[in-house]
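If you use this note's numbering, the sequence shown corresponds to residues 1128 to 1178, in order.
One structure is given below, encoded as structure tokens.
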Amino acid sequence: MKVLVMLYSMKISQDIRREHGGTRVEIEEGMAEKSREFAAAGNRVYLPIAD
1128 MKVLVMLYSM
1138 KISQDIRREH
1148 GGTRVEIEEG
1158 MAEKSREFAA
1168 AGNRVYLPIA
1178 D
């Protein structure tokens, strides 16, 4: 399970670099945006499976 979480974390970081550029400021802004998306989804790591 730890490996899956680590790989997903790496995917998020890669997505942010691709979508928001590569400078430190752009990456920090992208991380803040992802944080807001996570909060909007209820701050839950495990979401219910859709039927």
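Positions of the beta carbon are idealized from the N, C-alpha and C atoms, including for glycine.
DSSP three-state assignment for Ala1177, whether helix, strand or coil: The residue labelled residue 1177 in the question sits at position 50 within the sequence shown. DSSP places Ala1177 in coil when its eight states are reduced to three.
Count the other CB atoms, across all protein chains shown, that sit within 10 Å of the CB of Ile1143; report buried if there are 16 or more and exposed otherwise. In the sequence shown, the residue the question calls residue 1143 occupies position 16. Looking at its Cβ environment, which holds 16 or more other Cβ atoms inside 10 Å, Ile1143 is buried.
According to DSSP, simplified to helix, strand and coil, what is Ala1168? Start at 1 with the first residue of the sequence shown, and residue 1168 comes out as number 41. Of the three classes helix, strand and coil, the one that applies to Ala1168 here is coil, per DSSP.
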